[in-house]
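Worksheet: one structure, shown below.
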Amino acid sequence: MAVIAKQCPHIRVCVVDISQKQIDAWNGPELPIYEPGLREVVDECINRNLFFSTDVEGEIEKADIIFISVNTPTKTQGVGAGRMANIKNCELCARTIAKVSKSNKIVVEKSTVPVRTAQAVTRVLQSNDKGLDFQVLSNPEFLAEGTAMADLACPDRVLIGGQQTPAGLKAAETLVSIYAHWIPREQILTTNLWSSELSKLVANAFLAQRVSSINSISALCEATGADVQEISRAVGMDARIGRKFLQPSVGFGGSCFQKDILNLVYLCESYGLDECAQYWNGVIKMNDFQKKRFSEKMVSKMFNTITSKKICMLGYAFKKDTGDVRETPSMFVLRDLLSEQAKIHVFDPQVRREDMWTEMDYTCGINKGNTPMLEESVITATDPYEACDGAHAICVLTEWDEFRTYDYERIYKSMAKPAFIFDGRNMMDHTKLREIGFEVHAIGKPDPNDFTDL
């Protein structure tokens, strides 16, 4: 919405939320999320044509176009629990729009939703008793956290789905005309509603599939002496495959990939496509295997015990340039290290301790109430050298650029010996670290101690 406000200064944009705390943060000096470049755009547009408000009903009444941008979390109870997306929030939005509207509206699904959600939204809106006409569009977002502002300014494509009726096509063209202020028309795709809704799930599933594919090969590389980065380079030079998303890691995270694949699995099962469901579920199973494999390797290389040992975790966000901890691989590694009774010190330049515990409780069921000594076992450091001081091992779990710039000779001197580094992002200079004295283990890289013919 901030980018639309920037690119279309003649259009009034208002973001509404029922949370006063969230709206106060958007109107204040410290935004509730970290995204490079967002602060500058908000500062440029706020109180000009960009506004943040808790007056949900008042702003709906004023609007010509309404974007539904609410969470669609995976259900935790009932039918489809653990896989199916819960579209309760989308339905509640539709009911509020139908209740308070006094004029015709275009309603746009921005949330990632199961295919045919627009059908439910349309039925709710059409149940209004005022004779109003609502046209429902699908306009999924394909941005990536950390590069969101660039992705929105220069997107690969904008996708708009609508009913293939005169009114539906007119509504789609209205939304097209907004994006056309800064995006070439040939990059704005229009489809039917169902293709648009499903495209978002499929795009995320394909990206996650590539991550799990290369991670499966990383395990084979460690067993055979091959180097996964050399394989990624060789395979990625094939134009049919391409280089992107072939970087091995401790696993994928974030709010989208796992949720959307589980949603896809459930959709396949719902239509009796069990083989398709099993295929996509394999992407999730491989991701879980990779995270567990990383934790188990740490324990095995550190003499099969890390009880009471200090472990430094560099990075906790699921990727660099964000403070997002939803489904972050670091959380699952932390859970495993806690079960081994390690003492963990976490340093991440953007992650807040409060967010760590909220996600840990929601996803892993671990909290201060059911886990004795949790607060004492996990320390969040404000200085990386303090986090590393006296540690038996460092595990690099987020690819923050600054992690490459630290004084590792100083860090090595401050650590217990032997000093281990487990590189979960393959971002460090392993040769230099070994010259300093570290024992280094990395994803998909052969261990020099295990092979004599590398």
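At position 451 of the sequence shown (counting the first as 1) the number is 450 in numbering that gives the first Met the number 0, and the numbers step up by one without a gap.
Cβ coordinates follow ideal geometry from the N, Cα and C atoms, glycine included.
Only a predicted model underlies this, so the values are computations on that prediction, with no experimental measurement involved.
| Check | Outcome |
| --- | --- |
| Buried or exposed: where does residue 347 fall if 16 or more other Cβ atoms within 10 Å of its Cβ makes it buried? | buried |
| Are residue 156 and residue 188 close, meaning C-beta to C-beta below 7 Å? | yes |
| Quick check on the burial criterion: 16 or more other C-beta atoms within 10 angstroms. Buried or exposed for residue 361? | exposed |
| Just to confirm my understanding: we take residue 88, look at its own chain, exclude 5 residues before and 5 after, and list those with CB closer than 7 Å. What are they? | 69, 70 and 71 |
| With 16 other CB atoms within 10 Å as the buried threshold, where does residue 78 fall? | exposed |
| Alpha carbons only, please: which of 426, 424 and 411 is nearest the one belonging to residue 438? | 411 |
| Drop a sphere of 10 angstroms on the beta-carbon of residue 403, count the other beta-carbons inside from all chains shown, and report buried for 16 or more, exposed for fewer. | exposed |
| For the ligand COA, I want to know if residue 68 counts as a neighbour, meaning its beta carbon is within less than 6 Å of at least one of the ligand's heavy atoms. | The model on display carries no ligand, and the ligand COA is accordingly not part of it. |
| Based on the DSSP output, what are the partners of residue 108 in its beta bridges? | 67 and 137 |
| Helix, strand or coil, according to DSSP, for residue 57 in the structure here? | helix |
| Is there contact between the stretch 28-36 and the stretch 316-328, where contact requires at least three CB pairs shorter than 8 Å? | yes |
| Can we say the stretch 36-44 touches the stretch 134-154, given the rule of at least three CB pairs closer than 8 Å? | yes |
| On a Cα-Cα basis, can you pick out the residue from 176, 153, 107 and 181 that is closest to residue 161? | 107 |
| Using the beta-carbon count (16 or more within 10 Å), is residue 284 buried or exposed? | exposed |
| If you draw a straight line from the C-alpha of residue 1 to the C-alpha of residue 258, how long is it? | 26 Å |
| What's the C-alpha gap between residue 478 and residue 247? | Given a span of 0 to 453 for the chain in the structure shown, any question on residue 478 remains unanswerable. |
| In whole angstroms, what is the alpha-carbon distance linking residue 270 and residue 263? | 11 Å |
| Along the alpha helix (DSSP H) that carries residue 22, what are the first and last residues, could you check? | 19-26 |
| Please work out which residues of its chain come closer than 6 Å, Cβ to Cβ, to residue 181, disregarding the five sequence neighbours upstream and downstream, and give them in chain order. | 6 |
| Per DSSP, residue 244 is paired with what? | Paired residue(s): none; residue 244 is not in a bridge. |
| Does the stretch 222-234 touch the stretch 166-184, meaning 3 or more C-beta pairs lie closer than 8 Å? | no |
| Thinking residue 407 and residue 383 are a contact (beta carbons under 8 Å), I'd like their distance in whole angstroms, please. | The Cβ separation is near 11 Å, so there is no contact. |
| Would you mind working out which of 93, 289, 82 and 386 sits nearest residue 266, comparing C-alpha positions? | 82 |
| Helix, strand or coil for residue 191? Go by DSSP, reduced to three states. | strand |
| Going by the DSSP bridge assignment, what does residue 4 pair with across the sheet? | None; residue 4 has no bridge partner. |
| Three or more C-beta pairs closer than 8 Å, one from the stretch 415-425 and one from the stretch 196-204: is that the case here? | no |
| Please determine, among 357, 291, 381 and 136, the residue with the shortest C-alpha to C-alpha distance to residue 338. | 291 |
| Helix, strand or coil: how does DSSP classify residue 281 here? | helix |
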